[in-house]
Amino acid sequence: MSILSEEEYRLLFAESPIGLMIFNAEGVLIEANQRVRKLLGITKPTQFKHVNLFEDPNVPDQYKNRLLQNDEVHFSAEYDFDKIRNHQVFHTERSGTIYLDFHIYPFSLRKNSTINGYLAQILDSTKYRVLSEELQHFQKETQNMKAKFQIYEISHSKKNETDEIFSSVCEKSPVGMMVIQNGEVVYLNDRLKDIVGYSSEEIYKWKLEDGLKIVHPDEREKFRERYYRQFDHNNVVMKNQVRGIKNDGQIFWMEITSREITFRNRFATLLNYVDITEIKKKEHTLRESAESYRILFNKFSEPLIVHSLDKNNQPKKIMDVNAIAADMLGYEIDELIGVDPVHLFKKNQRKKLTNFFNELSTSNPLIQTTLVSKEEEEIPVELRATLIPLRGKIVAMIYLQNIAERMQKELEYQRSEKLESIGTLAGNIAHDFNNLLTSILGNVNLAKMENDVDLLKTHLVEAEDSILRAKKLTNKLLCFAKGGVPLKVLTDTSEFVRFAVTEKLLGSNISYKDDVDPRIWNAEIDKDQTIQMLENIVENAQEASKHRGKIELKLKNVTFKHKNRLGLKSGNYIKISITDHGPGIQPEVLPKIFNPFFTTKEDKLGLGLSVAYSIAKNHGGTIDVRSEPGNGATFHIFLPASKQIEKEEGEGDPITMEKSRKFQKILVMDDDPVILSIIIKLLSKLGYQSDQAVNGQEVLEKFKTAKKEKKPFDLIILDLNIVDGMGGVETMDALKKLDDQVKVIVSSGYSSDPVLSNYEDYGFIGRIPKPYLIKDLKEVINSAEQTS
């Protein structure tokens, strides 16, 4: 059962973050909480005088009619304060319009009775969040309506006390007093006469049974039994609250206390009478009021829980919970009283709740968390709370909003936004690819018709350049597809970063300045991805500077020895700083700039910085942005450093035969016959013998045959993904069982596949992502020869 009093329910009413108004059956306003007054611009309670629900022009007539038919209504409406002034509904300090969400319920204080009034809950829906940003501190506390009174009991145990002393004390008592001895009244005070309405002469004539005439007939038998029962127990005090009847027939309530005493040296009974009619009236009012507030508490359209707090300001025990909260959690109200509210939340949310309640004393925090119902169903909720004083202690009232439906709608909205953006992205990519294909086809057609060898070569070089640009475009797509596993190689950071930035700035009106530490460390990076990351950030700087001004590049070594705000592991890093002198980034925009599809430009997709950030994170680094409006922006890129020295390799002629070649015979597996044909021709140009297979099973058969004929393959190149048959990894495992010294290179068109980035873990000695040039093929074979 609930353990809150009417006073406490009143406090909950006053402190509710929801605007609450109570109207009588005619629609006249009885009471409104502080939230409503603030919402409607009411500065004085008197300004609400004569407000009538059914005269408010902002409440549509259809809902007024439904209320008159005892229907509950829920609607959102534009609330026009000018209408309020014109119709003189009430005086308000506000103007213009806001949007309000109304929940109005007819209520009855007893079952099956007529409507006693209407409870209106009002939420400001002008902003996206329905609840007000702050819960108001309580304004007042109603005084305890239950009166206290003292009952003076006078007993006399000393045998030699005089009647004069006894009478002096009793006549001053606020309690009616009567002494009965041997069945007769031997003493009464004036207060008793006032209470029962009889004169002294009449009362002194009473015998024992005559005293029952002041007890209501319905109460007499029960009172008689209790009165005589006390004589079976020595010196027992009997206390009864009964209805009384005065001499004039007026009904009242009294409390009668009786006990045995010694009066004038003889046994007697002392009876004390207190008129408690007013107290009973107040108790009745309290019961009705408590019932009313229980109805209002349960009528809240959103879940509410009131709970105590421990010495650390953390939740202790639930004191009360409204019906909708209990229903949401699948419990009866009684099952939740006394429970630690933390146990209602998902276990992994406990730390978040601890932080929430720690902040509650100094702010009005709002968090999203997860409840767990009795049936162990997870319920996402938005949680806010306020601290209120009850019974001399601070307790918390928490407000829960079920956001499952809202989250679903947000998810659907995000999906639709992403689909729209992806559609735009696909259109742009198709446009770029079609341009590249046009260039390739045009140059191939011209080459086919050309007889001049030099012009023929020119067309082929231009076609090759377009193909490499297409490769770059597919790499961007892979990063966007959340793949982008970097294929790292040790790189001279200084030269590489300088080249990437200056190459991007070629032909622009932006001046360039760099400051590079001469002892800058090297790094293991995916060159293609890192170029893309740098180009995206430089492009962002160019656009911010409106393609003029200056961009500065700075490279330095940094070391993190401990935990840091960037979340980077301890170790050595290269810090690449790119600074522009544009208008800067607004504070409210700054946290969103790395979100996919976030953009402040109408003609952009919002992917450049998102992809750059993803690349940095995939390399074990991060990007940090510093900006002040009007002072440009600096992007700090952190990449893990390596103190190894990059090996210098001669370029050489890609088709020159090597005298020290170890490999002669190579087997190639690919399920695309066109690609197979090209690779075989490239290997032939490089001077290798080669054979081909379309799946893993064919590779195994040819490998075993060649070994049996003592003409084994020196190297095998396996495509990672085969549509019908064994792919690269499965084939590799099978080859290892036949010969654990087999030399295999893995190839794939999906360069972000983790097998390519961690090829050695799968037993391969090299990798070559598609598409590739003949020089790339030569380099990977030479590298494999050197490791053999």
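Count along the sequence shown from 1, then add 451; that gives the number in our numbering.
Every residue gets a Cβ at the ideal spot worked out from N, C-alpha and C, and that includes glycine.
This structure is a prediction, so every number in the text was calculated from the model and none was measured.
According to the DSSP assignment, F1154 belongs to the alpha helix (DSSP H) that extends over G1147 to K1159. CA-CA distance, V1231 to V940, rounds to 13 Å. M705 sits in a strand when the DSSP states are folded into three classes.
Judged by pairs of C-beta atoms under 8 Å, the stretch 805-818 does not touch the stretch 880-897, as fewer than three such pairs exist. The continuous beta strand (DSSP E) containing M689 extends over residues M689 to I696.
Looking at the DSSP output, H525 shares a beta bridge with H554. Among the bridge pairs identified by DSSP, T837 is matched with M848.
Shown here, T548 sits in a strand according to DSSP, grouped into three states. A contact between stretches requires three or more CB pairs, one per stretch, nearer than 8 Å, and the stretch 1152-1163 fails this requirement with the stretch 1197-1208. Taking 8 Å as the cut-off, the beta carbon of F499 is found closer than this to the beta carbon of A483. Closest by C-alpha distance to Y782, out of N799, K825 and N773, is K825. Note that the stretch 1201-1214 touches the stretch 1169-1188; at least 3 beta-carbon pairs, one per stretch, sit closer than 8 Å.
Annotation: K673 to H794 spans about 49 Å, alpha carbon to alpha carbon.
Straight-line spacing of the CA atoms in I818 and N1069 works out to 30 Å. Assignment of beta-bridge partners to H758 by DSSP yields I769 and A847. The shortest C-alpha to C-alpha distance from E975 to any of N1008, Q983, T944 and V967 is the one to T944. In the pairwise beta carbon analysis, the stretch 1143-1154 is classified as touching the stretch 1167-1180: at least three pairs are separated by under 8 Å. If you draw a straight line from the Cα of K1132 to the Cα of L957, it comes to about 37 Å. One alpha carbon belongs to L1137, the other to L1228, and they sit about 9 Å apart. Relative to D552, the option among I566, L490 and V693 whose CA is nearest is L490.
Taking 8 Å as the upper bound for CB-CB distance, P1091 and Y1024 are in contact here, some 6 Å apart. Taken atom to atom, the span from the alpha-carbon of K797 to that of L822 is near 6 Å. Contact check for R545 and F532: beta-carbon distance about 5 Å, within the 8 Å limit, so the pair qualifies. With a minimum length of 3 residues, the unbroken runs of beta strand (DSSP E) contained wholly in the stretch 914-981 fall at 940-942, 960-967 and 974-976. Beta bridge pairing from DSSP links V1076 with F1086. The Cβ atoms of H758 and V846 lie closer than 8 Å to each other.
Segment contact: the stretch 1058-1074 against the stretch 975-984, three or more CB-CB distances shorter than 8 Å; contact assigned. Here DSSP, grouped into helix, strand and coil, assigns M1177 to coil. The count of Cβ pairs closer than 8 Å, one atom from the stretch 754-771 and one from the stretch 849-868, reaches three, so the stretches are in contact. With a 10 Å radius around the Cβ and a threshold of 16 neighbouring Cβ atoms, T837 comes out buried. Looking only at T565, G1081 and R717, the smallest Cα-Cα distance to G1035 is reached by G1081. Here T953 is exposed, its C-beta having fewer than 16 other C-beta atoms within 10 Å. Here the alpha carbons of E1236 and K1113 stand approximately 6 Å from one another. Residue range R717 to D726 is occupied by the beta strand (DSSP E) that includes T720. Counting the other Cβ atoms within 10 Å of the Cβ of E810 gives fewer than 16, which makes it exposed. In the three-state DSSP reduction, Y1024 falls in the strand class (E or B).
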